[in-house]
Each structure stands twice: as structure tokens, then as C-alpha cells.
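Participant:
Number of protein chains: 2
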Amino acid sequence: MPAAPASDLTAHLGYWLRYVSNHVSQAFARKVERHGVTVAEWVLLRQLLDEEAIAPSRLADRMGMTRGAISKLADRLIAKSLLVRAADPEDGRAQTLSLTHAGRALVPGLAALADANDAEFFDHLTPEDRATLLRILRGIVEKRGLKFLPVD
Amino acid sequence: MPAAPASDLTAHLGYWLRYVSNHVSQAFARKVERHGVTVAEWVLLRQLLDEEAIAPSRLADRMGMTRGAISKLADRLIAKSLLVRAADPEDGRAQTLSLTHAGRALVPGLAALADANDAEFFDHLTPEDRATLLRILRGIVEKRGLKFLPVD
DNA sequence: TCTCTATGATTGACAAGGAAACTATAGGTT
DNA sequence: AACCTATAGTTTCCTTGTCAATCATAGAGA
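Respectively, the protein sequence lines represent chains A and B.
Under this note's numbering, residue 154 is the last one in the first sequence; the count climbs by one each step, no gaps.
Under this note's numbering, residue 154 is the last one in the second sequence; the count climbs by one each step, no gaps.
(1) Are the CB atoms of residue 18 of chain B and residue 95 of chain A nearer to each other than 9 Å?
(2) Helix, strand or coil for residue 84 of chain A per DSSP?
(3) Residues of chain A with CB under 8 Å from residue 136 of chain B, in chain order?
(4) Under three-state DSSP, which class holds residue 4 of chain A?
(5) So, with DSSP's three-state summary, where would you put residue 116 of chain A?
(6) Can you tell me which of B/27, B/15, B/22, B/16 puts its alpha carbon nearest to the alpha carbon of residue 116 of chain B?
(7) Below 8 Å on the Cβ atoms is my contact criterion, and I expect residue 127 of chain B with residue 138 of chain A to pass it. Report the Cβ-Cβ distance as a whole number of Å.
(8) Identify each residue in the segment 90 to 109 of chain A for which the Cβ-Cβ distance to at least one residue of chain B is less than 9 Å, and report them in chain order.
(9) Anything in chain A within Cβ reach of residue 33 of chain B, meaning under 8 Å, just list it in chain order.
(10) Let me check understanding here. Comparing Cα to Cα, which of A/112, A/84, A/107, A/113 lies closest to residue 99 of chain A?
(11) So residue 62 of chain A and residue 69 of chain A are in contact, right, with Cβ under 8 Å, and what is the actual spacing, rounded?
(12) Do you know how far the Cα of residue 66 of chain B is from the Cα of residue 25 of chain A?
(13) Hey, residue 120 of chain B and residue 15 of chain A are a contact pair by Cβ (cut 8 Å); roughly how many whole angstroms apart?
(14) Return no unless some Cβ of chain A is closer than 9 Å to the Cβ of residue 84 of chain B.
(15) With respect to the alpha helix (DSSP H) encompassing residue 50 of chain A, which residues constitute its N-terminal and C-terminal limits?
(16) When DSSP builds the beta bridges, which residues end up paired with residue 98 of chain A?
(17) What are the residues that DSSP puts in a beta bridge with residue 56 of chain B?
(18) For a contact meaning CB atoms closer than 7 Å, what does residue 22 of chain A contact in chain B?
(19) At 9 Å on the CB atoms, spell out the chain A contacts of residue 71 of chain B, in chain order.
(20) Show which residues of chain B have a CB atom less than 9 Å away from the CB atom of residue 79 of chain A.
(21) Put residue 25 of chain A into one of helix, strand or coil per three-state DSSP.
(22) With a CB to CB cut of under 8 Å and the five nearest residues on each side skipped, what residues in its chain are close to residue 57 of chain B?
(23) Between the Cα of residue 55 of chain B and those of B/21, B/42, B/105, B/32, spot the shortest distance and give me the residue it belongs to.
(24) Counting only C-beta atoms, is residue 26 of chain B closer than 9 Å to chain A at any point?
(25) Taking residue 137 of chain B as part of the alpha helix (DSSP H), name the residues at either end of that continuous run.
(26) Whose Cβ in chain A lies nearer than 9 Å to the Cβ of residue 66 of chain B?
(27) Between the beta-carbon of residue 107 of chain B and the beta-carbon of residue 48 of chain B, is there less than 9 Å?
(28) Just the Cα atoms here: how many angstroms apart are residue 23 of chain A and residue 78 of chain B?
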């Protein structure tokens with residue numbers, strides 16, 4: 003009798019991954035909340051820091067959200083004067099999003115919070131463990147051909 | 003000049019953790035969806051398999067959700083005839099939740115899906131890497147004194 | 001016993017994302 | 001040029017969670 007060993011919930015790596023990841027994200031959410039932004043908003047702002055202007059659809063791909071979600075997320079950031087939407091001069095259908103001055107100014111402070119959050123959860127690991135964790139996670143992304151950055 | 007190195011988004015372990023975790027959970031969500039349940043519903047059902055009956059508040063703690071969320075989650079499972087709610091005979095305020103026959107019968111199939119999902123994402127790792135990953139994740143939970151199991 | 005506070009659970013209002021319908025424009029084909 | 005299909009974005013509806021208010025009961029203290 004092989005007795006399939008009962009699938010204990012806590013035996014699943016996926017379970018632990020979700021467990022820890024949610025805590026890390028929740029902790030980060032609390033940190034950025036004080037600055038008036040959500041985690042999704044932070045990710046969008048951060049993406050825009052590198053590029054002059056970017057199409058909503060590209061953001062949707064990169065952030066792993068639907069275009070509808072990006073549309074609304076952009077609305078909220080525009081309402082906070084951190085973002086501007088402009089028509090693409092080369093394509094009548096397309097829009098571009100770019101940071102306002104205020105938006106650009108906000109990013110470094112949030113980045114520092116991201117650093118702090120990472121430190122809070124991972125600094126106690128040995129350098130080897132940190133490297134292994136990163137290697138494993140990147141490996142899964144590569145192996146599975148994952149395309150986008152999740153947010154929630 | 004130490005030059006704090008710009009906080010590249012992809013340098014954060016929290017980023018990768020969230021990235022991978024969300025994909026693993028989304029893949030699992032698609033699997034259980036075919037059986038008519040959500041991930042949160044699966045977790046609740048699985049928790050109940052071990053205990054005869056359990057208080058909603060205990061579930062809220064364990065699952066890392068608010069009591070309000072558990073209340074509604076239970077409503078949905080009751081509507082699907084997988085769960086029953088009963089008054090606690092010892093405390094007029096308390097309720098207890100327990101699986102119906104159908105609910106209990108559903109769990110093994112879902113557990114198999116959880117196994118399959120884990121295999122899909124982690125089977126390519128060496129046993130050492132799997133062990134390390136589990137150890138690291140458990141270590142973080144312990145170090146940080148995390149109390150509950152996240153769901154979404 | 002009466003009252004006050006704490007606790008368990010539910011409910012209502014709101015937030016944020018997904019799916020699908022919809023609008024407008026691009027670009028190829030005839 | 002006229003049409004047809006593909007693509008970019010937005011909007012609508014639905015789901016599911018949180019937060020805060022609410023209700024009922026428990027249990028301690030005057």
C-alpha cells in the first residue's frame with residue numbers, strides 16, 4: 003500500500019512561497035502607504051523611471067496586469083499628479099505615459115523603502131542563501147518562460 | 003563614493019518572490035477553477051479536513067484573512083454545499099464550520115492538483131535546491147514570527 | 001443583579017483587478 | 001477608394017478582499 007502521503011498543505015513549496023511572498027508584499031504595502039501610493043503604483047512609477055515615455059500596453063505586459071487595470075491605475079496616478087497621459091503622435095490609437103516632475107521626485111524615497119523591506123526579510127540570510135534564493139527564483143522564471151512582473 | 007546603486011527593481015528579492023509566487027498561484031488557480039473552487043476556497047477546505055469543526059475566527063487567523071472575508075468565503079462554500087455552519091453550543095456568539103460529505107469528498111482531487119502544480123514549478127530543481135528553498139522560506143517565517151497563511 | 005467592556009460574527013461601503021464588450025485607428029487587400 | 005481585420009485603449013460588470021460599523025452574547029466588577 004503506497005499510501006499517497008496525504009498532501010499535507012504545508013508540504014507544498016507553492017504554499018510556503020505564497021505565504022512568505024504575501025507577507026513581504028503586505029509589509030511593503032504598509033510602508034509605501036504612508037507615502038500615499040500602493041504597491042502597484044510604485045511598480046508602475048519605477049518602470050517609468052527608466053523610460054522617457056511608455057505605452058500602457060507595454061506596462062501591462064511587464065507588470066502582468068490587464069490593459070484595463072493599467073488604464074485605471076494610470077487614472078489614479080494622473081489624479082495624484084504623478085503621471086501624464088499623452089497621445090502618441092505616430093499612432094492615433096496609442097497613448098504614452100510619462101512621469102511628472104512630482105512623480106519622478108517621489109521614486110527615490112519609495113526605492114529606499116523597497117531596500118528597507120528587502121533588508122527586513124532577507125538580511126538575516128547568509129550571502130550564499132540569498133544568492134541561491136535568487137538563482138532558484140530566476141531559474142523558475144526562465145524555465146517557465148514567465149513574461150511579466152506580478153503586482154498584488 | 004559608495005553610490006547606493008540605484009535600487010534596480012529587479013535587484014530586490016521581494017520582487018522575484020512576488021513574481022514567481024504570483025505565477026505559481028495563478029497557475030494553481032486555473033487548475034482548481036475547473037473544479038469550481040477558488041484558491042481561497044481550497045485552502046479553507048483543506049484546513050477543515052484536519053479538524054472536525056472550527057471557528058471562523060480561527061480560520062481567519064490561520065489563513066491571514068479578516069473575519070469578514072472568512073464570513074463571505076464560508077457563505078460561498080455553503081452555497082456550494084461544501085460546508086455547513088452551526089451554532090457553537092458552548093458559546094452563544096460563536097459559530098463552527100465543518101465540511102459536508104461533498105466537501106470532504108472534494109479535497110483529495112484538489113490536493114492532487116496542488117501536488118501537480120508544485121511539480122510543474124519545482125520538479126526541475128535539484129533535491130538540494132528544493133530543500134534549501136524550503137529551509138529559507140520556513141526560516142523567514144520563523145524569524146519574522148509570521149502567524150498566518152496567506153491566500154491570494 | 002446590573003452594568004460595562006470585550007469578543008465572535010456578520011454586514012455594508014468601498015477598492016482594485018479580470019473578462020469581455022466597445023470605440024477608434026491602422027494597415028492590408030481587392 | 002472601400003472594406004476587413006488587427007490592434008490600442010477604455011469602459012462596464014463582476015468578483016473578492018479590506019475596513020468600519022453593528023449586533024449579540026460573555027464575563028468581570030460594583
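Glycine included, C-beta positions come from ideal geometry on N, C-alpha and C.
Facilitator: Let's see:
(1) no
(2) coil
(3) 15, 18
(4) Confidence at residue 4 of chain A is low in this model, with a pLDDT of 37, below 50, so the placement of that residue should be treated as unreliable; the coordinate-derived value is given next. In this structure, residue 4 of chain A counts as coil in the three-state DSSP scheme.
(5) helix
(6) B/27
(7) 7 Å
(8) 109
(9) By Cβ distance, chain A contributes nothing, its closest Cβ being about 11 Å from residue 33 of chain B, past 8 Å.
(10) A/84
(11) 5 Å
(12) 9 Å
(13) 6 Å
(14) no
(15) 41 to 52
(16) A/88
(17) B/99
(18) 19, 139, 142, 143
(19) Within 9 Å Cβ-Cβ: nothing; residue 71 of chain B doesn't reach chain A, min ~14 Å.
(20) In chain order: nothing, as chain B lies at least about 17 Å away.
(21) helix
(22) 90, 96, 97, 98, 99
(23) B/105
(24) yes
(25) 129 to 146
(26) 21, 24, 25, 28
(27) no
(28) 26 Å
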